[in-house]
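Notes for the one structure printed next.
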Amino acid sequence: MGGRAVAGVAVARILAIANQKGGVGKTTTALSLAGALALAGRRVLVMDLDPHGCASAHLGVFPEGLAASAADLFLAQEAGQAPWDKVIRQPGSGLFDLAPSCPRLADLDLDLKDRKGKGIVLRQALESGPGYDHVLLDCPPHTGVVLVNALVAADLLIIPIQTDFLALHGVRHLFDTMRALNRVLPRPIAYRALATMFDRRAKACLRVLALLRDKFGERMFQTVIGLDTKFREASAAGKVVQELAPDCRGAGEYARLAEEVAAL
């Protein structure tokens, strides 16, 4: 599954990472997968679309010091006017670029309420934006215009699901949103589930993993992301796991996930 083409020109493959339940490894997946894709030679942009800005804060980028943020890409009146040059940052070692979050993203439902075509603003901005092989969208946890834009723009939706029984309920809200969008989109939203925070010692985790594989079948990644303290240490250090501990188990798992994503 490659990216789209616009006027015969290849554009980035858009990967949305979303789950409407928090604490399932969404931001860890966005950043760690971005790091793995970058190390595989891809040009990668992470867009932090969550008003809470966890991905941005993880990389040491905070709204107080920004001239522009991801919100400004939505607020541009024309796609060609999206201020990419002001928005994009190169945090840390520069493995990948970042379009940082700011609290203004939470106001976009109101800001865009009268905007014609408000559900395709992000897709149009990306089509007119700088060249990347992959753009990863770290989505907000709630339904609204930003999540809708991300799902509409995405070539593939990645749904991190914690291997915990309670986490299964959070997926229902996301699928309700997807079903509503699929009624009006020209093609259904393509998606894959990703098992995260897996503890191979816990029988409950093993049971949930079996349930996920039964439910999603071929729409589930073979890669399973286990618990690894290096993720937490990387966040504290303002790095992605590949920078902090390139040989750790978590880095290896996201490398395998990157291979699966590239093969789709």
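Numbering of the sequence shown is given in my numbering, commencing with residue 25 and proceeding in unit increments.
Note that CB positions come from ideal geometry on N, CA and C, so glycine has one too.
- Put simply, of T247, A54, G274, E151 the residue whose alpha carbon is nearest the alpha carbon of D72 is A54.
- When C-alpha distances from D157 are compared across R273, D271, A58, the shortest belongs to A58.
- In the DSSP annotation of this structure, the continuous segment of the beta strand (DSSP E) that includes A217 starts and ends at 215-222.
- Nearest to R113 by C-alpha distance, out of A214, L251, A91, D162, is A91.
- Positions of the alpha helix (DSSP H) runs, each at least 4 residues long and wholly inside the region 36-122, are given as 50-63, 78-82, 94-99, 108-111 in order along the chain.
- When C-alpha distances from F189 are compared across T220, A275, E102, the shortest belongs to T220.
- Checking the DSSP bridge columns, you'll see P165 has no partner listed.
- 8 Å or more divides the Cβ of I249 from the Cβ of A40.
- Nearest to L129 by C-alpha distance, out of V195, L99, T247, is L99.
- Nearest neighbour of F255 by Cα position, chosen from A275, I213, L119, turns out to be A275.
- By the 16-neighbour rule on beta-carbons within 10 angstroms, Q105 is exposed.
- Between L205 and V176, the C-beta gap is smaller than 8 Å, which places the two residues in contact.
- Residue pairing by DSSP places M244 opposite A217 in a beta bridge.
- In this model, L97 and L146 are separated by some 7 Å (Cα to Cα).
- Per DSSP, the continuous beta strand (DSSP E) segment holding L180 begins and ends at 180-186.
- In this structure, the straight-line span from the alpha carbon of D133 to that of R280 is close to 37 Å.
- Pairing C163 with A42 gives a Cβ-Cβ distance under 8 Å.
- Excluding residues up to 5 positions away in sequence, L39, A214 lie with their Cβ nearer than 6 Å to the Cβ of L180 in the same chain.
- If you check the CB distance, T253 and E277 do not come in under 8 Å.
- One thing to note: E284 has its Cβ no nearer than 8 Å to the Cβ of L268.
- Membership of V195 in the alpha helix (DSSP H) is indicated by the continuous run 191-206.
- DSSP, reduced to helix, strand and coil, places G250 within a strand of the structure shown.
- Contact check for R67 and G155: beta-carbon distance about 7 Å, within the 8 Å limit, so the pair qualifies.
- Ranked by Cα distance from N173, the options A95, F240, I185, G118 are led by A95.
- Spanning the alpha carbons of G47 and Q186 requires a straight line of approximately 8 Å.
- Beta-bridge partners of V159 (DSSP): I38, L69.
- G262 sits in coil when the DSSP states are folded into three classes, being neither helix nor strand.
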